[in-house]
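Trainee:
There are 2 protein chains.
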Amino acid sequence: MKLEILLLGALLNRPSTGYELKKFFDTHGRFARSNTTMSQAYRTLAAMEKRGWVEHTIEERPGASNAKRYHVTEEGHTVFIDWLTRPYNPPTRFQDPDLYARLGGAGFMTVEQVLAILDVEINTRVAEVARYRHRDRSRHDEPPRGYDVALGNQMDEWLHRRGAEAMDRHIASLIELRRRLLDGEPLNQDAPPTIVRTEEDAR
Amino acid sequence: MKLEILLLGALLNRPSTGYELKKFFDTHGRFARSNTTMSQAYRTLAAMEKRGWVEHTIEERPGASNAKRYHVTEEGHTVFIDWLTRPYNPPTRFQDPDLYARLGGAGFMTVEQVLAILDVEINTRVAEVARYRHRDRSRHDEPPRGYDVALGNQMDEWLHRRGAEAMDRHIASLIELRRRLLDGEPLNQDAPPTIVRTEEDAR
DNA sequence: TATCACCATTCCACTTGTGGCACGGTTACC
DNA sequence: GGTAACCGTGCCACAAGTGGAATGGTGATA
Numbered sequence: 008m009k010l011e012i013l014l015l016g017a018l019l020n021r022p023s024t025g026y027e028l029k030k031f032f033d034t035h036g037r038f039a040r041s042n043t044t045m046s047q048a049y050r051t052l053a054a055m056e057k058r059g060w061v062e063h064t065i066e067e068r069p070g071a072s073n074a075k076r077y078h079v080t081e082e083g084h085t086v087f088i089d090w091l092t093r094p095y096n097p098p099t100r101f102q103d104p105d106l107y108a109r110l111g112g113a114g115f116m117t118v119e120q121v122l123a124i125l126d127v128e129i130n131t132r133v134a135e136v137a138r139y140r141h142r143d144r145s146r147h148d149e150p151p152r153g154y155d156v157a158l159g160n161q162m163d164e165w166l167h168r169r170g171a172e173a174m175d176r177h178i179a180s181l182i183e184l185r186r187r188l189l190d191g192e193p194l195n196q197d198a199p200p201t202i203v204r205t206e207e208d209a210r
Numbered sequence: 008m009k010l011e012i013l014l015l016g017a018l019l020n021r022p023s024t025g026y027e028l029k030k031f032f033d034t035h036g037r038f039a040r041s042n043t044t045m046s047q048a049y050r051t052l053a054a055m056e057k058r059g060w061v062e063h064t065i066e067e068r069p070g071a072s073n074a075k076r077y078h079v080t081e082e083g084h085t086v087f088i089d090w091l092t093r094p095y096n097p098p099t100r101f102q103d104p105d106l107y108a109r110l111g112g113a114g115f116m117t118v119e120q121v122l123a124i125l126d127v128e129i130n131t132r133v134a135e136v137a138r139y140r141h142r143d144r145s146r147h148d149e150p151p152r153g154y155d156v157a158l159g160n161q162m163d164e165w166l167h168r169r170g171a172e173a174m175d176r177h178i179a180s181l182i183e184l185r186r187r188l189l190d191g192e193p194l195n196q197d198a199p200p201t202i203v204r205t206e207e208d209a210r
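Chains as they are written, first to last, in my numbering: chain A, 8 to 210; chain B, 8 to 210.
Spelled out as structure tokens, the structure:
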């Protein structure tokens with residue numbers, strides 16, 4: 008995930024200072040990126056301004072040091088939309104934030120574009136499961152020095168199960184999301200319980 | 008995640024060539040790292056050899072080009088164990104492979120060391136949930152140009168729910184793992200159904 | 001016989017990210 | 001009065017990763 012794109016997305020939501028952006032990625036933007044350093048945020052912002060993607064206005068802080076509030080320009084807006092609507096290429100690890108970063112920009116897309124992304128992701132992951140799920144994950148010919156075979160093997164098996172479960176749930180939730188988008192159903196309402204009509208209700 | 012450490016871990020399992028390692032990270036090692044390039048694998052391996060962490064033996068391939076098979080040295084083994092047993096510092100994103108990379112080395116640790124890692128992870132994530140779960144994730148003062156508010160808001164909400172669910176499940180599965188390790192139960196056996204003893208059984 | 005996929009290694013220019021520091025200010029609390 | 005946490009910007013040396021090309025071979029398929 009390009010920091011630039013994440014920054015553009017964040018700034019479209021809310022023009023911010025470098026400091027605020029860093030804070031955002033440390034707190035609510037945690038899902039999107041780990042360890043954003045101050046230097047990185049400022050340096051990238053400066054580079055983006057040179058390219059004309061963002062501009063800043065100076066915010067006077069009487070007494071304290073002034074802050075630069077960055078806004079996305081027309082050009083930056085275009086760059087962001089181009090990225091969003093560019094064919095989606097799923098990352099190797101399904102846990103990587105790429106998909107969620109794109110879905111986070113859903114408001115800038117049509118339902119069809121969102122569906123296209125979902126289809127690519129779903130197909131990719133389904134293919135991966137078919138390919139790798141039952142391959143043996145064989146280890147050492149002989150265990151290395153100081154290796155607790157019982158613990159190691161059990162943990163490997165546990166890790167494999169957790170991984171498989173997480174992948175299955177990932178796929179299932181995306182399929183459900185896709186269905187709801189397709190059927191025009193609300194995305195977040197819990198599925199209504201099946202209504203049982205008694206004889207009395209029917210009357 | 009340092010590539011070096013991952014490489015050391017993989018080589019402890021099975022001495023390999025650079026090509027094999029790259030393949031491994033493209034297939035079964037997918038969970039640990041995305042996009043390992045050839046150049047990176049070879050370059051890192053060379054650097055590690057210079058530092059004395061690995062050595063290679065040349066494997067003759069009559070007719071074809073010879074392959075270098077890398078083995079972990081005593082020193083490399085020590086480096087790996089040092090990393091494994093060093094205090095665990097959870098990454099920002101709980102989906103990052105750090106925890107699973109460590110647990111993958113469980114065979115080189117004692118149960119107590121594994122438990123220590125689990126405790127740190129569980130406590131960190133529980134604290135994060137307490138901190139961020141109910142904070143508002145407010146957006147634009149006014150939506151940017153071409154923004155579909157209905158779709159955007161619904162997707163944001165969906166994303167938030169999915170994220171919260173994934174985090175909850177992550178924590179729950181680690182708590183269960185911890186309990187089993189503590190009680191000496193098998194890690195992967197499904198919980199036995201509660202046995203209902205009837206009057207007749209009792210006799 | 002051409003083409004493709006695979007095996008195997010290496011180099012290189014380039015972009016990104018890391019970790020630490022320096023500067024300078026405010027507000028809150030003990 | 002001290003000190004800690006927060007706000008704010010910026011520089012720098014260095015480490016790490018990217019993307020592509022070059023080289024040279026095998027085996028299978030069309």
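Just so it is clear, CB atoms sit at the ideal spot from N, CA and C, and this is done for glycine as well.
Please specify which runs of the alpha helix (DSSP H), each continuous and at least 4 residues long, are wholly inside the segment 118-178 of chain A, giving them in chain order.
Mentor: DSSP runs (the alpha helix (DSSP H)) wholly in the segment 118-178 of chain A: 118-139.
Trainee: Could you give the residue range of the beta strand (DSSP E) that holds B:R76?
Mentor: In the second sequence, the residue the question calls residue 76 of chain B occupies position 69. Start and end: 74-79.
Trainee: For chain A, is any of its Cβ atoms less than 7 Å away from the one on B:P97?
Mentor: Here residue 97 of chain B refers to the residue found at position 90 of the second sequence. No - not a single Cβ of chain A is within 7 Å of the one on B:P97.
Trainee: Near B:P104, what residues of its chain come up, given a Cβ to Cβ distance below 8 Å and the 5 sequence neighbours on each side ignored?
Mentor: If you number the second sequence from 1, residue 104 of chain B lands on position 97. The residues are M8, F38, A39, R40.
Trainee: Three-state secondary structure (DSSP) at B:E62?
Mentor: Translated into the one-based positions of the second sequence, residue 62 of chain B becomes position 55. Three-state result, B:E62: strand.
Trainee: Just reading off the alpha helix (DSSP H) that A:L18 is part of, what are its end residues?
Mentor: The residue labelled residue 18 of chain A in the question sits at position 11 within the first sequence. 10-20 is the extent of the alpha helix (DSSP H) around A:L18.
Trainee: For a cutoff of 7 Å on Cβ pairs, would you count A:Q47 as touching chain B?
Mentor: Counted from its first residue, the first sequence places residue 47 of chain A at position 40. Cβ-Cβ to chain B under 7 Å: no for A:Q47.
Trainee: Considering only C-alpha positions, which residue in the set B:G153, B:G112, B:L158 is nearest to B:I88?
Mentor: Residue mapping note: residue 88 of chain B aligns to position 81 of the second sequence, counting from 1. Per the Cα distances, B:G112.
Trainee: Restricting to Cα atoms, I'd like to know which of A:K75, A:Y49, A:V79 is closest to A:V61.
Mentor: In the first sequence, residue 61 of chain A corresponds to position 54, counting from 1. Comparing Cα positions, the closest option is A:V79.
Trainee: Would the segment 107-125 of chain A and the segment 184-191 of chain A be scored as touching if the rule is three or more Cβ pairs under 8 Å?
Mentor: Enough Cβ pairs lie closer than 8 Å, so yes.
Trainee: Is A:S23 helix, strand or coil by DSSP?
Mentor: As a position in the first sequence, residue 23 of chain A is number 16, starting the count at 1. DSSP places A:S23 in strand when its eight states are reduced to three.
Trainee: What did DSSP end up calling B:D190 once you bin it into helix, strand or coil?
Mentor: Taking the first residue of the second sequence as 1, we reach residue 190 of chain B at position 183. Note: B:D190 maps to helix in three-state DSSP.
Trainee: So with CB distances below 9 Å, who are the chain B contacts of A:P193?
Mentor: In the first sequence, the residue the question calls residue 193 of chain A occupies position 186. Under the 9 Å cutoff, chain B gives Q161.
Trainee: Looking at the C-beta of A:A2, does it have a partner C-beta in chain B at a distance below 7 Å?
Mentor: In the structure displayed, chain A extends from 8 to 210; residue 2 of chain A sits before or after that span and is not available.
Trainee: Note down, in chain order, each residue of its chain lying with its Cβ closer than 7 Å to the Cβ of A:L125, except the 5 sequence neighbours on either side.
Mentor: Translated into positions along the first sequence, residue 125 of chain A becomes position 118. If we look at A:L125 and ignore the five residues flanking it on each side, its Cβ neighbours are L181, L184, R185.
Trainee: Between B:W165 and chain A, is any beta-carbon pair separated by less than 7 Å?
Mentor: Position 158 of the second sequence, counting from 1, holds the residue named residue 165 of chain B. Yes, contact with chain A.
Trainee: So, helix, strand or coil for A:M45, using DSSP?
Mentor: Within the first sequence, the letter at position 38 stands for residue 45 of chain A. Three-state result, A:M45: helix.
Trainee: Quick one: using the 10 Å Cβ neighbour count with 16 as the cut-off for buried, is A:Y77 buried or exposed?
Mentor: Taking the first residue of the first sequence as 1, we reach residue 77 of chain A at position 70. Per the 10 Å Cβ criterion, buried.
Trainee: Assign B:V86 to one of two classes, buried (16 or more other C-beta atoms within 10 Å of its C-beta) or exposed (fewer than that).
Mentor: Your numbering for residue 86 of chain B matches position 79 in the second sequence. Label assigned to B:V86: buried.
Trainee: Using only alpha-carbon positions, find the residue among A:D155, A:A108, A:M174 that is nearest to A:A134.
Mentor: Reading the first sequence from its first residue, position 127 is the one you call residue 134 of chain A. Among A:D155, A:A108, A:M174, the Cα nearest to that of A:A134 belongs to A:M174.
Trainee: Report all residues from its chain with a CB closer than 8 Å to the CB of B:L110; omit the five preceding and five following residues, and keep chain order.
Mentor: Position 103 of the second sequence holds residue 110 of chain B. So the qualifying residues of the chain are V121, I124.
Trainee: Under 7 Å between the Cβ atoms of A:A211 and A:E66?
Mentor: Residue 211 of chain A cannot be examined here, being either before or after the span of chain A that is shown, 8 to 210.
Trainee: Specify, as a first and last residue, the run of the alpha helix (DSSP H) that B:R109 falls within.
Mentor: Here residue 109 of chain B refers to the residue found at position 102 of the second sequence. Looking at the DSSP string, the run of the alpha helix (DSSP H) that includes B:R109 is 105-110.
Trainee: Straight-line CA distance for B:M45 to B:G191?
Mentor: Here residue 45 of chain B refers to the residue found at position 38 when the second sequence is read from its first residue. Here residue 191 of chain B refers to the residue found at position 184 when the second sequence is read from its first residue. The alpha-carbon atoms of B:M45 and B:G191 are separated by roughly 42 Å.
Trainee: Nearest by alpha-carbon distance to B:G153: which of A:H84, A:R68, A:E164, A:P22 is it?
Mentor: Here residue 153 of chain B refers to the residue found at position 146 of the second sequence. Among A:H84, A:R68, A:E164, A:P22, the Cα nearest to that of B:G153 is on A:H84.
Trainee: Between the alpha carbons of B:F31 and A:T64, how many angstroms are there, rounded?
Mentor: Looking up residue 31 of chain B in the second sequence gives position 24. Looking up residue 64 of chain A in the first sequence gives position 57. The alpha-carbon atoms of B:F31 and A:T64 are separated by roughly 49 Å.
Trainee: Can you give me the C-alpha to C-alpha distance between B:R58 and A:P151, rounded to a whole angstrom?
Mentor: For the purposes of this step, residue 58 of chain B is identified with residue 51 of the second sequence, where counting begins at 1. For the purposes of this step, residue 151 of chain A is identified with residue 144 of the first sequence, where counting begins at 1. Looking at the two C-alpha atoms, the distance is approximately 21 Å.
Trainee: Mind listing the chain A neighbours of B:Y139? Cutoff is C-beta to C-beta under 8 Å, in chain order.
Mentor: Taking the first residue of the second sequence as position 1, residue 139 of chain B is located at position 132. In chain order: T34, H35, R37.
Trainee: Of the choices B:L189, B:G114, B:N96, whose alpha-carbon is the least far from that of B:L106?
Mentor: Position 99 of the second sequence, counted from the first residue, corresponds to residue 106 of chain B. It is B:N96.
Trainee: Could you tell me the distance, in whole angstroms, from the CA atom of A:D163 to the CA atom of B:H141?
Mentor: Sequence index remark: in the first sequence, residue 163 of chain A carries index 156 (1-based). Sequence index remark: in the second sequence, residue 141 of chain B carries index 134 (1-based). About 35 Å.
Trainee: Along chain A, in chain order, which residues have C-beta atoms closer than 7 Å to that of B:G83?
Mentor: Here the question's residue 83 of chain B lines up with position 76 in the second sequence. Correct list: empty, because the minimum Cβ distance to chain A is about 11 Å.
Trainee: I want to check one thing, is the minimum distance from the CB of B:W165 to the heavy atoms of the ligand PLP below 6 Å?
Mentor: With respect to the ligand PLP, the structure offers nothing, as it holds no ligand at all.
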